[in-house]
Amino acid sequence: MSTILVTGGAGFIGANFILLARKLQWANIVNLDKLTYASNLENLAELKGDKNYRFVQGDISNLELVNYLLQEYQPNAIINFAAESHVDRSIFSPQDFMQTNVAGTCQLLAASRFYWQKLPLEQQKQFRFLQISTDEVYGSLQLEEPAFTEDNPYAPNSPYAASKAAADHFVRAYHHTYGLPTLTTNCSNNYGPLQFPEKLIPLIILNALAGKSLPIYGDGQNIRDWLYVIDHCAAIYLILQQGKIGETYNIGGLNEQTNLSVVEKICYMLDELVPQLNFSYSALITFVPDRPGHDRRYAIDCSKIMTELGWKPQESFDSGLRKTVEWYLHNPLWVSQVHSEAYQKWLKQNYENRGIV
Ligand code: NAD
Ligand code: DAU
């Protein structure tokens, strides 16, 4: 079986990918994660005792460590999930995003290149570096504009998006200049189990259950294209297997929703699953001051991966959202663990000046 070096595998999408990869025996996995606030090793607890899974705590910027891991485990592929991933945090601390998302990716590329160049020819041909990127690099769409294709020019608006765009350019340059066999995926908003509650969907579920306000930025009419995380993971593996070297692939949910509509759907599900007497969770909805520079609409045209590789999302938004809400309801221990002091501090920083805590 092949070996994949996964970075950022203790976070939301990386952990879902690793769990699926081990369950379906896609590959042996080495997981390199710095264990920032967004990570949780409990996400991978079920892999305890799995001889084909290794966890290493460390930073993708640590060239010496990455060189060592590549020599020691001889992976056939690297999938770079590691990133600072929250737009709101990037507005407060853009430098952290530059450090991991740009400089970290550059270090990982440098180590990958030296490792790949020294591989025997057969292994060189098989090797892939897969960069997990985002639709946010394309900027924002007006309502009437067509969805982003792979040919859209980059126009990142937030510090987070700018850092991901910069990283993507380095990946492209490593392919163009050194021939490193790279692949890049630009995916829309993910949702599902294990997502850190700073992001919209888990934040709303957990605030509602706690009887707290449900903060909606601006007028709630911003649009995102939601994809269930397992569909994203399946797309990543398919691209790793069959994607054309040097190319980029958009991955999307074919599922555009306004934020207000997402929040209302969660409220109706909770009304059914955890009913309260004479009260709908939607009464907690509170419009709050907008995110600075808030992108109005993202939409992904994923016809390339659908026609060339035969992928399509399997989960409907209703079924995926129900699974997600139920997962948070059934995992109170996980929820209590992520509600750390540091997270409370973040909530204060982001929401206090919006009139709610
Ligand atoms: P996340 O914030 O949940 O997890 C990120 C993980 O990376 C954490 O475990 C963290 O500890 C680790 N990490 C951070 N800095 C690191 C470093 N310097 N070295 C090693 N590990 C480090 O993020 P996520 O939502 O799982 O996103 C994963 C990737 O997918 C990111 O690259 C993100 O840009 C991209 N992406 C996310 C979405 C989404 O909706 N969540 C959509 C498209 C693309
Ligand atoms: O599009 C892909 C991107 O999706 C990923 O690259 C990012 O890593 C991921 O965080 C996500 O970015 P968003 O900014 O779209 O996700 P977030 O969950 O933070 O917000 C979704 C929408 O909800 C957005 O329009 C802002 C709004 N929002 C968010 C929060 C946290 C609110 O209205 N209220 C909130 O409290």
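Each residue of the sequence shown is one higher than the one before, counting from 8 in the numbering used here.
We put the CB at the ideal spot given by N, CA and C, even for glycine.
- Runs of the alpha helix (DSSP H) lying entirely within the stretch 285 to 336, each at least 4 residues long, are 310 to 316 in chain order.
- If you check the C-beta of R298 against the ligand DAU, you find a heavy atom less than 7 Å away.
- Around the Cβ of N357, a 10 Å sphere holds 16 or more other Cβ atoms; the residue is buried.
- The closest heavy atom of the ligand DAU lies 7 Å or more from the beta carbon of R304.
- One thing to note: A84 has its Cβ within 8 Å of the Cβ of F134.
- Straight through space, the alpha carbons of N214 and E205 are spaced by roughly 11 Å.
- Collapsing the DSSP output to three states places T43 in coil.
- In this structure, DSSP gives V94 a helical state, which the three-state scheme calls helix.
- Ordered along the chain, residues surrounding the ligand NAD are G15, A17, G18, F19, I20, D40, K41, T43, A45, S46, D66, I67, F88, A89, A90, S92, T107, G111, I139, T141, C194, N196, N197 [Cβ under 5 Å from any heavy atom].
- With a threshold of 7 Å, the Cβ atom of D175 does not count as near the ligand DAU, since no heavy atom of the ligand is closer than that.
- Using a cutoff of 7 Å, the CB of D95 counts as near the ligand DAU, since one of the ligand's heavy atoms is closer than that.
- In this structure H182 is buried. Its beta-carbon is surrounded by 16 or more other beta-carbon atoms within 10 angstroms.
- Secondary structure at L245: helix, using DSSP grouped into helix, strand and coil.
- DSSP links T10 through a beta bridge to N35.
- Under the three-state reduction of DSSP output, I67 falls in the coil class, being neither helix nor strand.
- The alpha carbon of G300 has as its nearest neighbour, out of E49, N164, T265, the alpha carbon of N164.
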